[in-house]
Amino acid sequence: MSTCSSIMLSCLPKEEPYRCLCSKINIAAVQKDPSRNMSATKPRLAIIGSGWAGFYIVQNIDLEAYSVTVLSPRRTSAYTPLLASAAVGLFNFYLAEEPVRSKSRSALRFVKANVLDIDFGKRACRCAPAFDEDPALAQEEFEVVYDYLVIAPGCMPNTFNTPGVEENAIFIKNVSDAMRVRKTLFDLLEKASLPHITPERASELLHIAIVGGGPTGIELTAELDDLRKDELKAIYPLVAEYMNISVYDVAPHILSAYDNRLHEYASNQLEKRHVDVATNTQIEHVDKDALYIKDKGRVPYGMLIWATGNKNVPLVEKLESDVKVSRRGLKRILTDDRLRVLKPDGEFYDGVFALGDAADIEGASLPTTAEVAVQKAKYLVGNFNLRAKHGPYLPGDFSTDSNPRPNPAFRETFKYEQKQLVSYIGAHDGVIAGKGPNDPGWTGRSAWLAWRSGSLLWNRNWRSRVVIVLTWCLNRVFGKEIAKM
Numbered sequence: 136m137s138t139c140s141s142i143m144l145s146c147l148p149k150e151e152p153y154r155c156l157c158s159k160i161n162i163a164a165v166q167k168d169p170s171r172n173m174s175a176t177k178p179r180l181a182i183i184g185s186g187w188a189g190f191y192i193v194q195n196i197d198l199e200a201y202s203v204t205v206l207s208p209r210r211t212s213a214y215t216p217l218l219a220s221a222a223v224g225l226f227n228f229y230l231a232e233e234p235v236r237s238k239s240r241s242a243l244r245f246v247k248a249n250v251l252d253i254d255f256g257k258r259a260c261r262c263a264p265a266f267d268e269d270p271a272l273a274q275e276e277f278e279v280v281y282d283y284l285v286i287a288p289g290c291m292p293n294t295f296n297t298p299g300v301e302e303n304a305i306f307i308k309n310v311s312d313a314m315r316v317r318k319t320l321f322d323l324l325e326k327a328s329l330p331h332i333t334p335e336r337a338s339e340l341l342h343i344a345i346v347g348g349g350p351t352g353i354e355l356t357a358e359l360d361d362l363r364k365d366e367l368k369a370i371y372p373l374v375a376e377y378m379n380i381s382v383y384d385v386a387p388h389i390l391s392a393y394d395n396r397l398h399e400y401a402s403n404q405l406e407k408r409h410v411d412v413a414t415n416t417q418i419e420h421v422d423k424d425a426l427y428i429k430d431k432g433r434v435p436y437g438m439l440i441w442a443t444g445n446k447n448v449p450l451v452e453k454l455e456s457d458v459k460v461s462r463r464g465l466k467r468i469l470t471d472d473r474l475r476v477l478k479p480d481g482e483f484y485d486g487v488f489a490l491g492d493a494a495d496i497e498g499a500s501l502p503t504t505a506e507v508a509v510q511k512a513k514y515l516v517g518n519f520n521l522r523a524k525h526g527p528y529l530p531g532d533f534s535t536d537s538n539p540r541p542n543p544a545f546r547e548t549f550k551y552e553q554k555q556l557v558s559y560i561g562a563h564d565g566v567i568a569g570k571g572p573n574d575p576g577w578t579g580r581s582a583w584l585a586w587r588s589g590s591l592l593w594n595r596n597w598r599s600r601v602v603i604v605l606t607w608c609l610n611r612v613f614g615k616e617i618a619k620m
């Protein structure tokens, strides 16, 4: 027996629904494979992804009713609306993420792995350990079998195949990215402070180039500009004046999801604060210290932040022949209005669901936002828990229009509730989209307060919320703790 097989046999409990693929010996044939008789054991629920959708289900699923396995390369879930604030020192990084594992949810299994493929016939996910520092371990593939499957792997940043972006840009998807932004910024400030650095060189080092004029890019721009005005001028008086921020977007407007009045207001306010907003701008390629812009040429930078749209993860590409996918724009797994994954012929898979950025409802497309992901997750986990309460434990029960035991609480279809868009644009100013065509929305300090309170509510940990509010108050009185950055 191989070392891998021996380890799995000795370390995993007998009911663990795993199969090792790195040995010719099938572990499922050696150890007792759980029965698929749902009257004898809890149904196995596999959740792919620990983003907004997957994490919400993990935190709310009835662990007494389901045997839950989470498959994700990340052991934490990031609160993405808080990343920009964490990057500039508004609060500690640990407040912008939540671990999947917790004492209160000790019954769930977390597996740090990438899902490479799904065999819907065998009801099994083919996985590889997600440890970049140990490539040999990543070759030791294994399977996780399921009775129910939730596919929520999220998306990846879209570089639009622009040469040099992957190697030189910082993306804003998780806490590690936010930490990199903070470290890079202060390294650049120290470099610019060296006595032999000329003003011209300091301006190049302290040019922060942000590609992407959506909410993520604009909110990070706003936080960096606030940091420049409020703290850096006092801490780095000799070089802070050389710090300059530019926003580039291929679209004709920033914050294009808002109406004309609001995105024009946002653009004007940023330019008043000496932020360069360059729309209708195409980045042709990137070097380690310069952008190359069509019709403009070389533009030096010190830090490049890439905050553009999304592209699908490799798993979605792999499943393209097995599931129905959208053909316009971002490829997304298509589901019906109960979030059941559709086959290419339009039928649905039994007990298989998809949500989050990687999925969309056929005929009712929704944006790739945290709000959509959480609302879908709330709907799906509610149905899982209601089914567990009212029975029976059968995968097909989720896929049947009529329940032999009527359950009036069971919500038949998903309905999205549109929420107002809110974005921060700096200097205690924000924009809020209107509720309809006759509502122009509003701007100013009240919009900033709405954004700040809304971003706080994304953190679902009450202890973290309290710490964030206290940190805001302390920052207001004493300023940010630059020394700890």
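Using the working numbering, the first residue of the sequence shown is number 136, and each one after it goes up by one. Beta carbons are placed, not taken as given, at the ideal position from N, Cα and C, and that holds for glycine. Here the structure is a predicted model, which is why all the values come from computation and not from measurement.
query: Beta-bridge pairing of residue 244 - partner residues as DSSP gives them; result: 204
query: Strand pairing of residue 316, partner residues [DSSP]; result: In DSSP, residue 316 forms no bridge with anything.
query: Secondary structure of residue 352, DSSP reduced to three states; result: helix
query: Where the alpha helix (DSSP H) through residue 192 begins and ends; result: 187-195
query: Cα-Cα separation, residue 319 to residue 345; result: 14 Å
query: When 308, 223 and 281 are compared against residue 445, the one with the closest alpha-carbon; result: 308
query: Residues of its chain near residue 116, where Cβ-Cβ distance is below 6 Å and the 5 sequence neighbours each way are ignored; result: Given that the chain is displayed from residue 136 to residue 620, the structure contains no residue 116 and the question cannot be resolved.
query: Residue 223 beta carbon less than 8 Å from that of residue 323; result: no
query: Within the region 459-509, ranges of the beta strand (DSSP E) (whole runs, at least 3 residues); result: 468-470, 475-477, 483-489 and 494-496
query: Helix, strand or coil at residue 400 [DSSP, three-state]; result: helix
query: Test item: CB-CB of residue 515 and residue 490 under 8 Å; result: yes
query: Beta carbon of residue 566 nearer than 8 Å to that of residue 393; result: yes
query: In DSSP terms, what residue 281 is bridged to; result: Answer by DSSP bridge pairing: none, since residue 281 is not bridged.
query: Residue 160 to residue 277 span [Cα, whole Å]; result: Low local confidence applies: a pLDDT of 34 at residue 160 is under 50, so the model's placement there is unreliable, with the coordinate-based value given in what follows. Cα to Cα, the separation comes out at about 12 Å.
query: Residues sharing a beta bridge with residue 378, DSSP; result: The partner list for residue 378 (beta bridge, DSSP) is empty, contrary to what the question assumes.
query: C-beta contact flag for residue 235 and residue 279 at 8 Å; result: no
query: Contacts around residue 557, its chain only, beta-carbon distance under 6 Å, and the 5 residues preceding and following it disregarded; result: 567, 585, 586 and 589
query: Host beta strand (DSSP E) of residue 181 (start-end); result: 179-183
query: DSSP three-state assignment for residue 166, whether helix, strand or coil; result: Confidence is the limiting factor: at residue 166 the pLDDT is only 37, short of 50, which leaves the residue's position unreliable, though a coordinate-based value still follows. Reduced to three states, the DSSP call for residue 166 is coil.
query: In DSSP terms, what residue 411 is bridged to; result: 381
query: Three CB pairs or more closer than 8 Å across the region 466-478 and the region 494-511; result: yes
query: Other residues of its chain near residue 211: CB distance less than 6 Å, five sequence neighbours each side excluded; result: 232 and 234
query: Outcome for residue 485 when other beta-carbon atoms lying within 10 angstroms are tallied against a minimum of 16; result: buried
query: Through-space distance from residue 367 to residue 355, alpha-carbon basis; result: 16 Å
query: Own chain, CB closer than 7 Å to residue 596, minus 5 neighbours either side, in chain order; result: 233
query: Per-residue DSSP class, three states only, for residue 209; result: coil
query: Cβ contact check for the region 547-563 and the region 337-344: 3 or more pairs under 8 Å; result: no
query: Secondary structure of residue 426, DSSP reduced to three states; result: strand
query: Residue 452 versus residue 591: straight-line alpha-carbon distance, rounded; result: 35 Å
query: Sheet register partners of residue 558 (DSSP bridge); result: 566
query: Cβ-Cβ separation, residue 281 to residue 258 (assumed contact under 8 Å), whole Å; result: 5 Å
query: Coil, strand or helix - residue 540 by DSSP; result: The predicted position of residue 540 is uncertain, since its pLDDT is 44 and thus under 50; no value can be drawn from it.
query: Touch test, the region 297-311 against the region 200-217, Cβ-Cβ under 8 Å, three pairs minimum; result: yes
query: Expected contact under 8 Å - CB spacing of residue 493 and residue 448 to nearest Å; result: 7 Å
query: As assigned by DSSP and simplified to three states, the class of residue 578; result: strand
query: Nearest-angstrom beta carbon gap, residue 439 and residue 305 [assumed within contact, 8 Å]; result: 7 Å
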